[in-house]
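Going by this note's numbering, the residue at position 256 of the sequence shown is 256; the numbering climbs one at a time, nothing skipped. From the three backbone atoms N, C-alpha and C, an ideal C-beta is built for every residue, glycine too. Contents: one structure, followed by commentary.
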Amino acid sequence: MDTPTEQQKKKDGRSQREVWRHYEKKPLKSAGHFLAKCNYCRSYWPHGHSNKLKDHLANNCKEVSELVHSFYLDVVSAQNFGREDTFSSPENSKKRKTQVDQRELTDWFKSTNINSQKKASITHALVYAFICCGILFSIIENPFFIEFLHEMRPGYEPPTSELLKYDLAKITISSCNQITSFFKRSYIVGKLLTNATTTLQIVGGGLKTYCETKWTSMYEVVSSMSCLRIALEHVLKNNPNEITNKSVRRNIRSSKIFSNVDKLTKVLKLIKTAITLLKT
């Protein structure tokens, strides 16, 4: 019988192999390395790495089907939360549903064994539930709410309110970075955004990039995104064909993301002001 570690290695191996179904794969001289060519848009990589190939299907390929695109968009997003293994490929989803339906309902609810990926998945869902329902983060530490979670899933230990807020920040910054990277990579859309900013008389500069070694850049990222929301929507409305990244289009249209941006901007502004005062 395989150990838990061996089982996880096999699971990770399956995840890496599945993405290659969407690429032509040619072995290189170095063992274990392959040339990759997308089956849909024919993009080419001298050295195909599974994470780059997943990212291409999620964010860059213009010819991929909506089913495959949506699947890998979820996979790439989930990697930030360590829950990639909770997804099955589009081809295996029907088989997986049958397996889940055959489980005993009591086994699902009474199991006290919960792995880190499943815990991350539950926490991820909690973050969105708290945000969308307007629930105070402090509720997560209420003993009655904790008891409710334990009844639903005995093995799940909820995070503190501070960690819950951190996950909110992580989700929001990731969405902002995706928009910023797209506009900074393309001269055309970058120029369209600059023109929209001028036309709408928006002041404050352009989109900012997050730098992990400089914590204040987190505030600059969300603040610039909040400031330029109208300009971004203007560019998308008047030049939809130039916004070729489906994920970027969805993020710009998402009122939920910009609601999170505004909330995070207010919190980080207070922190930034407090630290600035301490330094003076």
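Other residues of its chain near residue i: CB distance less than 6 Å, five sequence neighbours each side excluded
i      : result
ARG17  : none
ALA58  : TYR72, LEU73, VAL76
MET225 : CYS176, VAL261
Nearest neighbour of residue i, chosen from the options [CA to CA]
i      : options                      : result
GLU63  : GLY48, CYS41, LEU53          : CYS41
ASP262 : THR244, CYS227, ARG249       : CYS227
MET152 : ASN251, ILE122, HIS47, SER65 : ILE122
LYS208 : THR216, LEU200, VAL221       : VAL221
PHE183 : SER174, THR194, ILE173       : THR194
Residue i CB to nearest heavy atom of the ligand GTP below 7 Å
i      : result
TYR219 : Although the ligand GTP was asked about, the structure shown includes no ligands whatsoever.
Host beta strand (DSSP E) of residue i (start-end)
i     : result
GLU24 : 23 to 27
ALA31 : Looking at the DSSP string, ALA31 is not in any beta strand (DSSP E), and its letter there is neither H nor E.
Coarse secondary structure for residue i, derived from DSSP in three states
i      : result
TYR44  : strand
CYS211 : coil
TYR72  : helix
ARG96  : Reliability of the predicted coordinates at ARG96 is poor, the pLDDT of 48 falling under 50, and the value obtained from them is presented with this limitation in mind. ARG96: helix per DSSP, three-state reduction.
Residue interval of the alpha helix (DSSP H) (run including residue i)
i      : result
CYS61  : From DSSP, CYS61 is part of no alpha helix (DSSP H); its letter is neither H nor E.
VAL189 : 187 to 199
ILE230 : 229 to 238
LEU57  : Run containing LEU57: none; DSSP gives neither H nor E here.
SER247 : 246 to 253
GLU147 : 143 to 152
Neighbourhood of residue i by C-beta, 7 Å cutoff - its chain only, sequence neighbours within 5 removed
i      : result
THR197 : LEU228, ALA231
LYS266 : none
Close Cβ partners of residue i (< 8 Å) along its chain, the five nearest in sequence each way excluded
i      : result
HIS234 : ALA196, THR199, LEU200
LEU22  : As written in the sequence, residue 22 is His, which differs from the Leu given in the question. Excluding positions up to five away in sequence, the list reads CYS38, ASN39, TYR40, LEU53, LEU57, VAL64, VAL68.
> Any chance the segment 236 to 248 sits against the segment 142 to 151, with 3 or more Cβ pairs inside 8 Å?
Replying inline: No contact exists between the segment 236 to 248 and the segment 142 to 151.
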